[in-house]
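Chemist:
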Amino acid sequence: MTTTEGIDSAGTANLAFLEELFAQYQNDPESLSADWRQYFDSLVDLADHSSGSGHISDEHTGSTNGSVPAVTPKKSEVFSADESVVRAQEGAGLLDDDTMITPDGIATGHALALANGSVQLPDAPAGEVKPAPLPDELRQSQGSDRFAFLQDRVDQLVRAYRVRGHLTADIDPLGRPRPGLPELDPAFYDLTEEDMDRVFSTDTIEGPQSMSLRQIIRRLHNTYCRSIGVQFMHMDDLLVRQWLQVRMEGCENRIQLDRKQQLRIYRQMTTAAVFEEFIQKRFLGSKSFSLEGSESLIPLVEMAIERGASQDIQDVVMAMAHRGRLNVLANIMRKSPQRIFREFADLDPELHVGRGDVKYHLGHSTDYVAENGRKVHPTLCFNPSHLEYVNPV
Numbered sequence: 295m296t297t298t299e300g301i302d303s304a305g306t307a308n309l310a311f312l313e314e315l316f317a318q319y320q321n322d323p324e325s326l327s328a329d330w331r332q333y334f335d336s337l338v339d340l341a342d343h344s345s346g347s348g349h350i351s352d353e354h355t356g357s358t359n360g361s362v363p364a365v366t367p368k369k370s371e372v373f374s375a376d377e378s379v380v381r382a383q384e385g386a387g388l389l390d391d392d393t394m395i396t397p398d399g400i401a402t403g404h405a406l407a408l409a410n411g412s413v414q415l416p417d418a419p420a421g422e423v424k425p426a427p428l429p430d431e432l433r434q435s436q437g438s439d440r441f442a443f444l445q446d447r448v449d450q451l452v453r454a455y456r457v458r459g460h461l462t463a464d465i466d467p468l469g470r471p472r473p474g475l476p477e478l479d480p481a482f483y484d485l486t487e488e489d490m491d492r493v494f495s496t497d498t499i500e501g502p503q504s505m506s507l508r509q510i511i512r513r514l515h516n517t518y519c520r521s522i523g524v525q526f527m528h529m530d531d532l533l534v535r536q537w538l539q540v541r542m543e544g545c546e547n548r549i550q551l552d553r554k555q556q557l558r559i560y561r562q563m564t565t566a567a568v569f570e571e572f573i574q575k576r577f578l579g580s581k582s583f584s585l586e587g588s589e590s591l592i593p594l595v596e597m598a599i600e601r602g603a604s605q606d607i608q609d610v611v612m613a614m615a616h617r618g619r620l621n622v623l624a625n626i627m628r629k630s631p632q633r634i635f636r637e638f639a640d641l642d643p644e645l646h647v648g649r650g651d652v653k654y655h656l657g658h659s660t661d662y663v664a665e666n667g668r669k670v671h672p673t674l675c676f677n678p679s680h681l682e683y684v685n686p687v
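The sequence shown maps to residues 295 to 687 in the numbering used here.
1. Identify which residue in Q605, Q539, F577 and R440 has its Cα closest to the Cα of M529.
2. By the 10 Å Cβ neighbour count, where 16 or more other Cβ atoms means buried, how is G469 classified, buried or exposed?
3. For the segment 598 to 610 and the segment 664 to 673, state whether three or more C-beta atom pairs, one from each stretch, are separated by less than 8 Å.
4. Just verifying my parser: in three-state terms, what is the DSSP assignment at K554?
5. List in chain order: all unbroken beta strand (DSSP E) runs of 3+ residues lying wholly within the segment 479 to 541.
6. Where do the N-terminal and C-terminal ends of the alpha helix (DSSP H) with M614 fall, by residue?
7. Near I522, what residues of its chain come up, given a Cβ to Cβ distance below 6 Å and the 5 sequence neighbours on each side ignored?
8. Run the CB neighbour count on Y560, radius 10 Å, all protein chains shown included, and call it buried at 16 or more, exposed below.
9. Need the endpoints of the alpha helix (DSSP H) that L315 sits in, please.
10. In or out: W537 buried (at least 16 other Cβ within 10 Å) or exposed?
11. Given that a residue counts as buried once 16 or more other Cβ atoms are within 10 Å of its Cβ, and exposed if not, what is S327?
12. Applying the criterion that 16 or more other CB atoms from any shown protein chain within 10 Å of the CB defines a buried residue, is D489 buried or exposed?
13. List the endpoints of the continuous alpha helix (DSSP H) containing P631.
14. Please classify F334: is it buried, with 16 or more other beta-carbons within 10 angstroms of its beta-carbon, or exposed?
15. What does DSSP give as the partner residues of V663 in its beta bridges?
16. If I measure Cβ to Cβ from D466 and keep anything under 8 Å in the same chain, skipping five residues before and after, which residues do I get?
17. Among the candidates D484, G602, M542 and R553, whose CA atom is the shortest distance from the CA of F443?
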């Protein structure tokens, strides 16, 4: 790897190393290799040409160990050109002339641009990490620079909702208020009330190509902070993440149901609740692993089977834990409630000889006729006893 390639790949991560080399060059140029001497000679020549002095002052570079060598331009990695850009969490810099920002936040450009202080990359402050405030001259301007800056902040807000929105979702059954997160506050990104009705690009959000900031926040809140909390941004598979984003943000995590579907769900949840209440009253003290509080599982599973039937699916195989199995057996697998109640009363002990398993471990299968008339064969697998030893766990 040549010296120039090494400089291009060094970036801000090895800034201290470059500073040491440049200080060594100033003290004794002959102590460096010919490649490094040639590079620093050209740097000093450029500085001489622009300011008449071969010294690049700390005032321009913000260096703590002396002068900072410039980074050679790498125009194949252009992220934003001729715009004022601030990179959150990676330092801030006002860029001009032919200076570029690479996708990973490394500043590149002519040596002259860095040598005369056009680019500054200060370290991120300790403690709370917050994007740099919008410069006054940029906020007061009406040009493309200001809009590009605000668009970048809006994109950061969108990502924050996807990453952290689930932490404020209303999913506490006790109804306790959830604390707000500063990352979900537009003010955290220096977005003000006057920006709320400004229209921004929404290419990264499923739906219209542009929306006002107020509409963007409403859509993201409805998707990630209402009654469904979704934690998915840690997933490595980009296609899976995008698949989820498209389907969640497109409908704001809210399915549209007509009156007939709503009544059907209401009846299913009522049936599920009555089933659990009867078992608790009739077989007091018996283990049942109740579905109480999660009765919506019944219409959810049935909707999945109905959707499968519309896609010509003929068999559905399910596996689930203890909780809610009896309710699924009765209301999805169509197992006779009478049989389930007899198992509670242990009225047929001869059927359990040599088996020693319990009612909420049992499986079942049935033939389900969907609304479109097609038949689906759902199967709920047996949940093996904790005493099983034939198969390894």
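All C-beta atoms, glycine included, are put in the ideal place defined by N, C-alpha and C.
None of these values were measured; they are calculated from a predicted model.
Modeler: With the given structure in hand:
1. The residue labelled residue 529 in the question sits at position 235 within the sequence shown. Minimum Cα-Cα distance from M529 among the listed residues Q605, Q539, F577 and R440 corresponds to Q539.
2. The count along the sequence shown starts at 1 and reaches residue 469 at position 175. Within 10 angstroms of the beta-carbon of G469 lie fewer than 16 other beta-carbons, which makes it exposed.
3. The segment 598 to 610, when compared against the segment 664 to 673, does touch it at the 8 Å Cβ threshold.
4. The residue you call residue 554 lines up with position 260 of the sequence shown. The answer is helix: DSSP assigns K554 an H, G or I state.
5. Runs of the beta strand (DSSP E) lying entirely within the segment 479 to 541, each at least 3 residues long, are 493 to 495 and 504 to 506 in chain order.
6. Working through the sequence shown from its first residue, we reach residue 614 at position 320. Boundaries cannot be given for M614, as no alpha helix (DSSP H) includes it and DSSP labels it neither H nor E.
7. Start at 1 with the first residue of the sequence shown, and residue 522 comes out as number 228. Counting only residues of its own chain and dropping the five nearest sequence neighbours on each side, I522 has a CB closer than 6 Å to the CB of N547.
8. Within the sequence shown, numbered from 1, the residue matching residue 560 stands at position 266. With fewer than 16 other beta carbons inside 10 angstroms of its own, Y560 counts as exposed.
9. Taking the first residue of the sequence shown as 1, we reach residue 315 at position 21. It spans L309 to N321 - the alpha helix (DSSP H) in which L315 sits, taken as one unbroken run.
10. Looking up residue 537 in the sequence shown gives position 243. Exposed is the label assigned to W537, since fewer than 16 other Cβ atoms lie within 10 Å of its Cβ.
11. As a first step, residue 327 is located in the sequence shown; it is residue number 33 there, counting from the start. The residue is exposed, with fewer than 16 neighbouring Cβ atoms inside 10 Å.
12. Taking the sequence shown and counting its residues from 1, one reaches residue 489 at position 195. Of the other Cβ atoms in all chains shown, 16 or more fall within 10 Å of the Cβ of D489; this residue is therefore buried.
13. Counting from 1 along the sequence shown, the entry for residue 631 is found at position 337. For P631, the enclosing alpha helix (DSSP H) covers residues P631 to A639.
14. Working through the sequence shown from its first residue, we reach residue 334 at position 40. Flag for F334 reads buried.
15. On the sequence shown, residue 663 is found 369 positions in, with the first residue counted as 1. Note: V663 sits in a beta bridge opposite K669.
16. Residue 466 sits at position 172 when you count from the first residue of the sequence shown. For D466, where only same-chain residues beyond five positions count, the Cβ hits under 8 Å are R472.
17. Looking up residue 443 in the sequence shown gives position 149. The shortest C-alpha separation from F443 is found at D484.
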